[in-house]
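In what follows, a single structure is set out as structure tokens and then discussed.
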Amino acid sequence: MTAKPPIGVLGSGTMGVGIAQVAAAAGHPVVLLDAEPPALTRARSALETSVRGQVAKGRLPAPEGEALIARVALASEVDAFRGCGLVIEAITENLGAKRAAFARLEPMLAADCLLASNTSSLSIAALALGLTAPQRFLGAHFFNPAPAMPLVEVVPGLDTAPEALARAAALITSWGKTTVIAQDTPGFIVNRIARPFYGEALRQLDEGIADVATIDWAMRELGGFRMGPFELMDLIGNDVNYQVTETIFAGFYGDARFRPSVTQKRLVEAGRLGRKSGRGFYDHREGAARPEALRDSVLGQRILLRILVMLINEAADALHLRIASAADIDLAMTTGVNYPKGPLRWADELGARAVVDELARLRDEYGEERYRPHPLLKRMAQEGRRFRD
Numbered sequence: 013m014t015a016k017p018p019i020g021v022l023g024s025g026t027m028g029v030g031i032a033q034v035a036a037a038a039g040h041p042v043v044l045l046d047a048e049p050p051a052l053t054r055a056r057s058a059l060e061t062s063v064r065g066q067v068a069k070g071r072l073p074a075p076e077g078e079a080l081i082a083r084v085a086l087a088s089e090v091d092a093f094r095g096c097g098l099v100i101e102a103i104t105e106n107l108g109a110k111r112a113a114f115a116r117l118e119p120m121l122a123a124d125c126l127l128a129s130n131t132s133s134l135s136i137a138a139l140a141l142g143l144t145a146p147q148r149f150l151g152a153h154f155f156n157p158a159p160a161m162p163l164v165e166v167v168p169g170l171d172t173a174p175e176a177l178a179r180a181a182a183l184i185t186s187w188g189k190t191t192v193i194a195q196d197t198p199g200f201i202v203n204r205i206a207r208p209f210y211g212e213a214l215r216q217l218d219e220g221i222a223d224v225a226t227i228d229w230a231m232r233e234l235g236g237f238r239m240g241p242f243e244l245m246d247l248i249g250n251d252v253n254y255q256v257t258e259t260i261f262a263g264f265y266g267d268a269r270f271r272p273s274v275t276q277k278r279l280v281e282a283g284r285l286g287r288k289s290g291r292g293f294y295d296h297r298e299g300a301a302r303p304e305a306l307r308d309s310v311l312g313q314r315i316l317l318r319i320l321v322m323l324i325n326e327a328a329d330a331l332h333l334r335i336a337s338a339a340d341i342d343l344a345m346t347t348g349v350n351y352p353k354g355p356l357r358w359a360d361e362l363g364a365r366a367v368v369d370e371l372a373r374l375r376d377e378y379g380e381e382r383y384r385p386h387p388l389l390k391r392m393a394q395e396g397r398r399f400r401d
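For the sequence shown, this note's numbering begins at 13 and goes up steadily by one.
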């Protein structure tokens, strides 16, 4: 049997540890690198806790779990990446920091080593600037928690070689992941299309249409989503979620569809980041009471429909601009953020005419281009066509 190539992971935070675990679970030797020794200590502990938790639940035999842990070597110098077949960067979501990291590590990589960034929203073309071999560079966006979430968005830059893209996608697919090819646009597929899930929920909160608990209840119980938008923002971290929104808003030159929320910004400024800080939209401290939702199905359906038509509108734009195919858009949203069905499948069930009519109603009510129905949706409605036929 041919030995599997070593995989390098730069950055030992939550995503770095998760990606290292995924690669090691597939049988690869892994080098997990961080310049800070305390961070590596925490990473080792997090890896052991995650893997042994799987063993305790009966999902992994104990010997396999210990072998997996042993395949992950810790390092603090970039020369440890010599001999790797793929290095995945998973450090802070900052363009300057990532470019500086690539400048340090690229000279250590073999000519045939692939280099990828786990960025969730930064431009792959911008990240590649300054690389001596941009043809081997691409995006490989894993979702948190990486061992559990099946989707990886594989994103070519302007100079990425087709062979490098194919190699990376095949390798990550061999790890048991579902890969989709996305174009290098702000937010790729998932973070771009998902913005209304948060943005329209925040708008309805600000307008006093419903409170946090009621909006979350409507999306879970009436929409079938695993978590409501405010629960999910608290889980992701309001700082992280807000930063992604700001990045996408800037990337689309201030398009009102992606406008960040002042309400969420104030929570970030106050340190109310969600579960990790103890308070966010909810109070997660021990003993805190959970607010009760107003279980009004008529109100709930109104909340749900407004968010759904905005998700569908964004998915139609992504399809129109060839960010991904209709099938990959729906696959990405169901496997990347656990939506109960893809937005284009949902559009077919509701009917394009009903979606366009609701968007037009919102546009008339608010007088905002934020709610403009996409031309593709309008054509689908006029012609009676479906997205997924």
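A virtual CB, placed ideally from N, CA and C, is assigned to each residue, including glycine.
Contact fails between the stretch 62-81 and the stretch 101-111, because fewer than three Cβ pairs, one in each stretch, are under 8 Å apart. Of the residues assessed, residue 135 falls on the buried side of the cut-off, its CB having 16 or more other CB atoms within 10 angstroms. One thing to note: residue 36 has its Cβ within 7 Å of the Cβ of residue 84. Considering only 348, 38 and 152, the residue with the shortest C-alpha distance to residue 126 is 152. Judged by pairs of C-beta atoms under 8 Å, the stretch 148-162 touches the stretch 189-202, as three or more such pairs exist. Counting along the chain, residue 335 sits inside no beta strand (DSSP E), nor does DSSP assign it H or E at all. Residue environment analysis places residue 265 among the exposed positions, since fewer than 16 neighbouring C-beta atoms fall within 10 angstroms of its C-beta. Of all alpha-carbon atoms in 350, 318, 171 and 87, the one lying nearest the alpha-carbon of residue 48 is that of 87.
Under the Cβ criterion (8 Å, minimum of three pairs), the stretch 322-332 counts as touching the stretch 356-371. Taking 8 Å as the upper bound for CB-CB distance, residue 45 and residue 20 are in contact here, some 7 Å apart. The residue among 196, 89, 123 and 396 with its C-alpha nearest the C-alpha of residue 139 is 196. Fewer than three beta-carbon pairs drawn from the stretch 173-189 and the stretch 244-258 are found closer than 8 Å, and the two stretches are therefore not classed as touching. Residue pairing from DSSP places residue 20 in a beta bridge opposite 43 and 99. Within the stretch 159-215, the complete alpha helix (DSSP H) segments of 4 residues or longer fall at 174-186 and 202-205, listed in chain order.
The shortest C-alpha to C-alpha distance from residue 38 to any of 309, 183, 388 and 312 is the one to 183.
When only Cα atoms are considered, residue 97 and residue 363 end up about 47 Å apart.
A residue is called buried once 16 or more other Cβ atoms fall within 10 Å of its Cβ, and residue 220, having fewer, is exposed. The beta carbon of residue 313 sits closer than 8 Å to those of 230 and 234, all from its chain and outside the five residues before and after it, given in chain order. Its Cα nearest to that of residue 95, the residue 122 stands out among 122, 101, 292 and 117.
Between residue 372 and residue 171, the alpha-carbon positions lie close to 40 Å from each other.
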